[in-house]
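The next block holds one structure in the form of structure tokens; read it before the comments.
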Amino acid sequence: MVDKIGVQNYNNSQHLSALTFGNKDADKRSKCENHDRLMAEDIKKHPISTRLKIQSDKLTKAFTKYPVKGFKGSKNANFYEFLTMGTVPYLTGSAMLIAVFNGARAFISDEAKKQAAAKLGNKMGLGVLFYGIAKVLSKKLIELPVKWKHGIDVNLPYIKKIDELPEEDNTNNLVSYEYHKAYESVDFPRWDLFYNNKFYGDERNSYFSKIANKMNINDGDLEHADQKVKPKIKEKVIQTKVFSTLISYLWAAVGVGIAMQKPWEKLSLHPKEIINKFIQSCKEFVNNSNPAAKIAGRVLLGAAIGMTLLGNFKTLFDFNKDKGSKTHAASSLIDESKEKVVC
Amino acid sequence: MSNLLNSILTNNSTDNKHNSYVYKHTFTFDSEGRVKPKEDKAKLLPSRIFGSPVEYAKDLKKDVVNIGRAMKGQANDHELGRINDVAMKLGSFALACYLFVKNPLKLNKTMEFVGLGTFFTSMALWPKLAIQAPIKARTGVDIHQKYIDSQGRKKMMFQDPQYDLTDLYSREDLDRIGKKLKVSENLPDRDRFIKQRAKKLATQGNTLWMMSAGLSAPIMSALTCNVLEKPITNLLEKHALNSTKKAMEALNTNAAGKEVWEAVQKFVSENGQTVLDDASLQELMKKLPNVNSSNFNNSIRQYIQTLAGNIRNTLDKNIVEQAVSGKLDKSVIEQVLGDMSDDLLKQTSVEDIARKLANASGLSHGKKNKLIGELTKLIKETQSKQPVTIGQIGEQIQKLGNSLVNFSSGKNVIEKFIHARVGEESGTYIANQWGRVTKSLFKSLHLKDSELKALQNGGNYEIITKKIAELPAEQYEKLMSKLLKLIEEYETKTGADEMMNAVSSKAKEVCGAAGKTLTENGFDDLARRVTADVKAGTIENEINQRAKNGISGAKSSFYRLIQWIDLLKKEQSGDLTNQVKEALKLAGKDSSDDAVKAMIEKCKSVLLGATPSDYAEKLKSANFRLDNDEYKIITDILFKNGEKEATSGLAAYKKEIMDKLINWKNDITPDLSRAISENSSVASNATERSALSGKPITDWIKESAKDLYTSRKWLKIFGGAMIAITVITLTVGLILGRKSKIEKQVEAESKANG
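Heads up: the protein sequence lines correspond to chains A and B, in order. Reading the first sequence from the start, the letters are residues 1 to 343 in our numbering. Reading the second sequence from the start, the letters are residues 344 to 1097 in our numbering.
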């Protein structure tokens, strides 16, 4: 219940110890301190290897540790593990989809039919692959501009330490680690991880001040920068998430559309040929000899590009600046003349 | 907690803005005026396997509204999660639309949406049918129980195991689950025990869902598509037959067409200055109404080329110089042309210019006259050789385009009508019906995989002939009834005679009208290529022939199959042996058992490897070496109706079919003879012959065996995988929820304590 209140007036001293953490006072902070760690520095120094490490850890656990815990009905199983296991049907489903279209090819004796099946099989297999690649990469078309313009990395990871409950067959190994994203929840972003984070500066509000600078809303009041910028960050995170989600499926459809073109009927593993085929397929997608397919390809591509541009437009510019954001409503309740702490 | 909140809020009582927000959204007052949390309105939703479409529509509407809000930066985690689901479905729908448009075949087009639907349905149904329902039936726990929270959001109760919502269970729910889980009535803290078991089951069930869904959904979707393909094929077929029939009936050649064919008009206005060459002519051909006949298109192309060739460019100095420079001195040419303005030159005839040039040359009278003739010819040739622009022939092309509009659309309607019935491509009525015949026959023969494998390489036909011959009487009757019914369906649905009448009358109408329009507009040569005045090579003839060949091919294939099966059965029963023996005796030939057997083999071979309609050719080949008597014997055996007179039942129907067979053979022979022709090789007329005579049984067996073998293998692999995944999932589902050691211990202790 206290957590949900979020911000309390500092001068309610009688409840201070129960309500605050992240305070400048070291004694008080120790009471609230947790062991979760933002991975901003790791991401800055080794962006690719860090993300690869996180993904491989999650992937391995999705196939090993989490199913074991889940099948046991462990009292420590949680939503993170359930969501991480969501990768399993994605991957097994993709493999199965490819198999369904290619599995019987070996039993076709008619050469012409075998070739026809191979053509379709290649396209379907590539379709699954392009779907996944386009879906993942297209999100960056929204996320990266937001990161460059506003400094908000919606995928910024943090490592979370979990102290688990003892179980029948496990009473010793009770600590586990999870990789979350600071902004994975728009209801409860992990603001606490940004306070006093040395990576962003020496001040308690350095991160928020930086974001405020980037968003041109810094009035020099470093003490209150967090209160000013949080609603804006939240707004941008929501917009980034919704647009990156919407465009990811449109680009995924474009990916499948490109995979369905003629050049892929004969596969090659030579990189140069793959690039050539890709370029040819893109051309065929927007300039198909079938007039209806040509229009449909252009409409689909146009929808993907249009939605991406709209997403960039909405996320990069602040349309609520003058009228005030609705998500700002809660912060306007705060009496700015009073000292505050974040809980 | 309530005291704490009360204290916080009352300490801030002067901050009205703050209080009003908190009161409104989170708190209320108790009867004594103290602050207390608002009443929890969360409740469980009725547990259903299939959701209500109305609810689904309401949720979808809400989701769409939420997308709009989220674009403005207003959303919560729950809404963003739902938006992801909606976006996935919309993206998939967009993809299905694209593939629908791209796919050329109607069935494939439809299957794009069916595939999309079955995939999402499989993803939704698999956990419900294979995990949720069995676990619920066994334990009473609905692992996908939904609830609605105080804010009206619908969520899964057991999505997050750490967020315990089991307090929402009513007394009845707990008792029901406890009873199913056989939790002791006397267990202290029984409710908590039941809730823990429910949570544990849900965690296990959700894990099983994640582990199995990826493997099962694609196969489940593919298998469902296989099942749905048949009814969808039937629906599409019915639609194609009805719609093309209606379009034929509505075809009105007197209806006014477009006066101006805009595509040509646009092309001419945009390319007026473009020189007519191969490339621009090809572009121009695309802009004319498509008559869909390569012969006729060639005629149009030739017409345009001739038209361009006949155009002589306006006379100018360049043309004259170019034409006569080889014959006359430059000074002579200059002398004549130097005095003439361009306008004057345009008005002067070629002959006059030639005469002036010849006069200026100073030649004698006799030579001069000869030179005038030569110069006239040269100038005219050069005039014609000058490049012609599209603009120069624009008027005639426009006229041609206008004349072909109605013809193109009318012919298109007739062709669609023919194609829907007897087109060779997959998805037409005849292709579907042939598929049904094949399926019925192969199904009744119960061929093993190894037999199919042997058949698909060609040869080994005794596998199938033996199976047919040995079919028990009852099964044979059943198979024949089925095949005859399918053939009857073909006869009635395509209505072969009716179809031919419709095609020939409409073709006459459409081509007649087109011929008239073309003639009126001065395109006599093209008009002759359309109407049936000159039969061979006209479009009207092309249309009729296509329909006729299609019908003949279908009849050939169907009748031959019946004849072949019938012959095999006759051999098995001994009727054929007697018939052949009698015939040989009558002809004064060797009628020993060996001779009879050899003759029967020849009959079978003719039917198996060739078509009955080209049997004559087959019998004439060197392999058979038949004399005239033997030829007659085989002809009689194959085409003399041996069926006894019957008025009802299968026998009567078979006799009717055999009569039709004989009539059809007589009917088709002249056409076929023309196609095969004594002096030409069969191969040169292979296409027409094939259209007329259908497919040889050997080819049909080979192709059908290949298709059946592959689809059976696919079904075995993936059907088997689906069964395995389902069995494993159901078995694991049975094990889930077992009591842990501690739980057992707690129960045991409670029992011991009474």
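Yeah, the Cβ is synthetic: ideal placement off N, Cα and C, and Gly gets one too.
{"Item": "Neighbouring residues, chain B, relative to V242/A (Cβ below 7 angstroms)", "Value": "I410, A413, M414, A418, L423 and I426"}
{"Item": "DSSP bridge partner residues for L566/B (one or two, in chain order)", "Value": "DSSP lists no partner for L566/B."}
{"Item": "Closest Cα partner of L383/B within the set F393/B, D510/B and G434/B", "Value": "For the record, residue 383/B in the displayed sequence is Asp; it is not Leu. Nearest option by C-alpha distance: D510/B."}
{"Item": "Segment limits, beta strand (DSSP E) that includes P157/A", "Value": "P157 to D163"}
{"Item": "I1085/B, DSSP secondary structure in three states", "Value": "helix"}
{"Item": "Three-way DSSP call (helix, strand, coil) for S176/A in this model", "Value": "strand"}
{"Item": "V526/B, enclosing alpha helix (DSSP H) - first and last residue", "Value": "Segment: none, V526/B is in no alpha helix (DSSP H) and carries neither H nor E."}
{"Item": "Opening and closing residue of the alpha helix (DSSP H) in which P380/B lies", "Value": "Careful: P380/B lies outside any alpha helix (DSSP H), inside the beta strand (DSSP E) at V378 to P380."}
{"Item": "Minimum Cβ-Cβ distance from G802/B to chain A less than 9 angstroms", "Value": "no"}
{"Item": "The beta strand (DSSP E) enclosing K285/B, as first and last residue numbers", "Value": "Outside the displayed range of chain B (344 to 1097) lies residue 285/B, so it cannot be described from this structure."}
{"Item": "Spatial distance of C946/B from A930/B (CA atoms)", "Value": "17 angstroms"}
{"Item": "CB contact below 9 angstroms: W1057/B versus chain A", "Value": "yes"}
{"Item": "Span separating the alpha-carbon of I491/B from that of L246/A", "Value": "26 angstroms"}
{"Item": "Cross-chain neighbours of K314/A in chain B, by beta carbon under 7 angstroms", "Value": "M414"}
{"Item": "Closer than 8 angstroms at the beta carbon, the chain A residues around L448/B", "Value": "The premise fails here: L448/B is roughly 12 angstroms from chain A at the closest Cβ pair, so nothing lies under 8 angstroms."}
{"Item": "Residue-chain proximity (E572/B, chain A), Cβ-Cβ < 9 angstroms", "Value": "no"}
{"Item": "Listed by chain order, chain B residues near E273/A by CB distance under 8 angstroms", "Value": "Under the 8 angstroms cutoff, chain B gives no residues; its nearest Cβ is about 23 angstroms from E273/A."}
{"Item": "Within 9 angstroms of chain A by C-beta, residues of the segment 491 to 517 of chain B in sequence order", "Value": "Q502, D503, P504, Q505 and Y506"}
{"Item": "Of the listed residues V663/B, N577/B, M554/B and L822/B, nearest to T64/A (C-alpha basis)", "Value": "M554/B"}
{"Item": "Neighbour flag for L1077/B against chain A, beta carbons, 9 angstroms", "Value": "no"}
{"Item": "Span of the alpha helix (DSSP H) around K498/B", "Value": "Not the alpha helix (DSSP H): K498/B falls in the beta strand (DSSP E), residues K497 to M499."}
{"Item": "For K266/A, three-class secondary structure by DSSP", "Value": "coil"}
{"Item": "For R872/B, three-class secondary structure by DSSP", "Value": "coil"}
{"Item": "When T240/A, P166/A, Y179/A and N213/A are compared against Y80/A, the one with the closest alpha-carbon", "Value": "Y179/A"}
{"Item": "Beta-carbon contacts of S934/B that lie in its chain and below 7 angstroms, excluding the five residues immediately before and after", "Value": "K924, L927 and K928"}
{"Item": "Contacting positions in the segment 555 to 579 of chain B - beta carbon closer than 9 angstroms to chain A", "Value": "S555, A556, G557, L558, S559, A560, P561, I562, S564 and A565"}
{"Item": "Nearest to I1060/B (by Cα), restricted to the options L790/B, V748/B, F501/B and I562/B", "Value": "I562/B"}
{"Item": "Chain A residues whose Cβ lies nearer than 7 angstroms to that of Q547/B", "Value": "G70, F71 and G73"}
{"Item": "CB contact below 9 angstroms: Y772/B versus chain A", "Value": "no"}
{"Item": "Distance CB(K140/A)-CB(P157/A) smaller than 9 angstroms", "Value": "no"}
{"Item": "9 angstroms Cβ cutoff, E168/A in contact with chain B", "Value": "yes"}
{"Item": "Residue range of the alpha helix (DSSP H) that includes E626/B", "Value": "D621 to K630"}
{"Item": "contact_flag[the segment 791 to 798 of chain B, the segment 1043 to 1052 of chain B] where n(CB pairs < 8 angstroms) is 3 or more", "Value": "yes"}
{"Item": "T1074/B: first and last residue of the uninterrupted alpha helix (DSSP H) it sits in", "Value": "G1063 to I1078"}
{"Item": "Proximity test, Cβ basis, 9 angstroms: M553/B and chain A", "Value": "yes"}
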